[in-house]
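Residue numbers (our numbering): 3 to 340.
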């Protein structure tokens with residue numbers, strides 16, 4: 003009798019059976035009877051209970067239950083092309099990242115071989131890095147340029163004419179007079195100092211408030227109280243008001259300069275002996291300031307390459323500077339840049 007019932011099944015009873023099956027998956031019988039139906043292309047199927055064929059030629063089945071529908075070839079081709087494009091894009095990005103890593107290491111090696119200078123080989127490598135700069139508009143994204151940087155070398159100073167330039171000796175380890183290092187601002191001008199690292203704390207440039215870009219130069223000088231005492235570690239601080247002139251250019255206005263000992267608790271008395279001629283010294287910190295007043299020194303620089311760890315800039319005098327990000331700046335920089 004079961005076999006007879008299966009063979010005598012009408013389209014309406016088959017439809018009801020399908021609708022009931024769908025109800026188990028959250029679809030009601032009423033939904034099964036509405037427009038979510040389509041004429042099936044399948045000619046017959048087999049009743050698993052009776053092993054008998056049930057003719058579906060004139061029956062209907064829900065669209066999402068059809069097993070014989072196929073995806074259009076055009077959709078398959080479009081999906082495949084999109085996947086290939088994504089894979090090619092990912093491969094291209096990985097290739098550029100690897101090339102940047104290679105060129106940065108090449109630049110570091112060339113700078114080391116040139117004793118910290120930027121020679122023509124270094125400039126050629128910088129040119130290659132600039133072509134694949136991952137952030138061509140860095141000043142639109144403060145997280146890229148804000149923070150503390152340290153100068154990896156002094157610079158390659160140009161003449162101001164396109165294509166011309168000369169190598170310049172790096173700052174660190176260079177011996178010179180205080181007068182030369184500070185353009186004659188501080189006395190004694192003939193005091194011999196040894197230049198150290200250059201730090202560059204940069205705040206976010208904003209039209210709503212004044213923001214500061216600082217150049218901080220470390221130096222040491224002989225302790226006047228005896229050659230057996232450690233040299234006095236000191237800093238020159240040159241703050242500038244900064245403005246965003248374009249997506250790659252920062253305008254600078256240096257308005258003052260100052261010098262002070264890094265460790266006044268230890269070196270303040272010796273510092274006072276050296277700079278007893280200077281006026282306006284802060285008795286607690288030893289800081290001596292000089293304001294440029296109406297003779298503010300203006301300049302600018304372009305960021306030609308920047309990523310999470312490296313920044314390359316070109317100043318208004320044509321000088322290139324390579325700087326690395328400092329994740330944990332020395333403590334004395336906090337008060338110096340504030």
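Each residue gets a CB set at the ideal place from its N, CA and C atoms; glycine is no exception. Keep in mind that this is a model prediction, so the values were computed, not measured.
- Query: How is residue 286 classed by DSSP in three states: helix, strand or coil?
  - Reply: coil
- Query: If residue 219 and residue 238 are in contact, beta carbons under 8 Å, what's the gap, nearest whole angstrom?
  - Reply: 4 Å
- Residue closest to residue 186, alpha-carbon to alpha-carbon, out of 308, 260 and 330: 260
- Task: Whole angstroms is fine: what's the gap from residue 320's alpha carbon to residue 230's?
- Result: 43 Å
- Task: Look at the alpha carbon of residue 345 and the alpha carbon of residue 84, and state the distance between them as a whole number of angstroms.
- Result: This structure cannot speak to residue 345, because the chain is shown only from 3 to 340.
- Based on the DSSP secondary-structure assignment, which residues constitute the bridge partners of residue 202? 151
- Which stretch, first to last residue, makes up the alpha helix (DSSP H) that contains residue 276? 266-276
- Message: Output needed for residue 257: all residues of its chain with C-beta closer than 6 Å, excluding positions within five of it in sequence on either side, in chain order.
- Response: 294 and 298
- Message: To the nearest angstrom, how far is the alpha carbon of residue 309 from that of residue 134?
- Response: 11 Å
- Residue span of the beta strand (DSSP E) that contains residue 245, given as start and end: 234-246
- Which listed residue (253, 287, 181 and 232) has its alpha carbon closest to that of residue 212: 253
- Query: Considering residue 252, what are the terminal residues of the beta strand (DSSP E) in which it resides?
  - Reply: 251-256
- Message: Taking its Cβ as the centre, do 16 or more other Cβ atoms sit within 10 Å of residue 36, making it buried, or is it exposed?
- Response: Confidence is the limiting factor: at residue 36 the pLDDT is only 42, short of 50, which leaves the residue's position unreliable, though a coordinate-based value still follows. The residue is exposed, with fewer than 16 neighbouring Cβ atoms inside 10 Å.
- Item | Whole-angstrom C-beta distance between residue 335 and residue 2, which should lie under 8 Å | The structure shown has nothing for residue 2, since the chain only spans 3 to 340.
- Task: Report yes if the C-beta distance between residue 105 and residue 132 is below 8 Å; otherwise report no.
- Result: no
- Task: Would you decide whether residue 103 is buried or exposed? Buried here means 16 or more other CB atoms lie within 10 Å of its CB.
- Result: exposed
- Message: For a test of the three-state rule: what should DSSP assign to residue 157, helix, strand or coil?
- Response: The pLDDT assigned to residue 157 is 48, lower than 50, so where the model puts this residue is not dependable; a value taken from the coordinates is nonetheless given after this. Looking at residue 157 - three-state DSSP - the assignment turns out to be coil, as it is neither helix nor strand.
- Closest to residue 209 by CA distance: which of 246, 188, 227 and 116 is it? 246
- In angstroms, rounded to a whole number, what distance separates the CA positions of residue 330 and residue 152? 11 Å
- Message: Helix, strand or coil for residue 319? Go by DSSP, reduced to three states.
- Response: coil
- Task: Could you give the DSSP three-state label for residue 181: helix, strand or coil?
- Result: helix
- Query: When the distance is taken between beta carbons, is residue 283 closer than 8 Å to residue 277?
  - Reply: yes
- Message: Mapping the DSSP letters down to three states, classify residue 221 as helix, strand or coil.
- Response: strand
- Task: Within its chain, find whatever has a CB closer than 6 Å to the CB of residue 242; leave out the 5 residues flanking it on each side and keep chain order.
- Result: 215, 254, 255 and 256
- Item | Where the alpha helix (DSSP H) containing residue 134 begins and where it ends | Residue 134 -> no alpha helix (DSSP H), and no H or E assigned at all.
- Item | Of the listed residues 139, 196 and 109, nearest to residue 175 (C-alpha basis) | 196
- Task: Would you kindly work out how many angstroms separate the C-alpha atoms of residue 224 and residue 194, rounded to a whole number?
- Result: 8 Å
- For residue 209, which three-state DSSP category applies? coil
- Query: Using the beta-carbon count (16 or more within 10 Å), is residue 325 buried or exposed?
  - Reply: buried
- Item | Residue environment, residue 232, which counts as buried when at least 16 other CB atoms sit within 10 Å | exposed
- Query: Run through DSSP, which three-state label would residue 227 get?
  - Reply: coil
- Item | DSSP state of residue 331 mapped onto helix, strand, coil | coil
- Item | Limits of the unbroken beta strand (DSSP E) element including residue 307 | 299-308
- What residues are listed by DSSP as bridge partners for residue 259? 292
- Check each candidate in 192, 249, 281 and 263 and name the one with the smallest Cα separation from residue 307. 249
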